[in-house]
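Mapping the sequence shown onto the numbering used here, position 11 (from 1) lands on 12, and the numbers just tick up by one. I have placed the structure first, in the form of structure tokens, so that the comments after it can refer back to it.
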Amino acid sequence: MTNNLPTVKKIQALEKRMHLLNIKESDIQEQFILGSGKGGQAVNKTHNAVLLKHIPSGICIKSQKSRSRELNRFYARRQLCDALELKKTGIVQYKQDNASKLKKQKSRRKRRSSSRIVRVEGNE
2 MTNNLPTVKK IQALEKRMHL LNIKESDIQE QFILGSGKGG QAVNKTHNAV LLKHIPSGIC
62 IKSQKSRSRE LNRFYARRQL CDALELKKTG IVQYKQDNAS KLKKQKSRRK RRSSSRIVRV
122 EGNE
């Protein structure tokens, strides 16, 4: 059986991020709405999709990534943090970190492949 809950570490990280962005649970209006899309009758008749509205900013987020209501609540809150961070700073921090990580990986791979080419040419 798979675990349909986010890990404690992820929940704590999200709570910390919400605190840093001054997002209070009292400022969030949460609704569970009918799911839609692939999955047939099981998806169409359950209220597993989450609609979050951040009252001070007016931002609405809908999440239906998972069949699990709890996971969708987690994903919606994470998307809300992303949206508010983007609105305040113009960038989403973890996406920026990921982009710089990919850039470093790419340059490292390029250096390695060029050194391999030099070694192969030197052997011939």
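For each residue, glycine too, the CB sits at the ideal point set by N, CA and C.
As the crow flies, the alpha-carbon of residue 50 is around 21 Å from that of residue 85.
Closest by C-alpha distance to residue 12, out of 56, 117, 73 and 59, is 73. Inter-residue distance for residue 30 and residue 14 is about 21 Å (C-alpha atoms, whole angstroms).
If you look at residue 10, you'll find it isn't in any beta strand (DSSP E); it sits in the alpha helix (DSSP H) that goes 9 to 21. For residue 33, same chain residues with a beta-carbon under 8 Å away, outside a window of 5 residues either side, are 48, 49, 50, 51, 52 and 70 in chain order. Comparing C-alpha distances from residue 67 to each of 115, 55, 58 and 35 shows the shortest one belongs to 35. At the C-beta level, residue 24 and residue 82 come within 8 Å of one another. Beta-carbon to beta-carbon, residue 77 and residue 64 are separated by about 4 Å, close enough to satisfy the 8 Å threshold.
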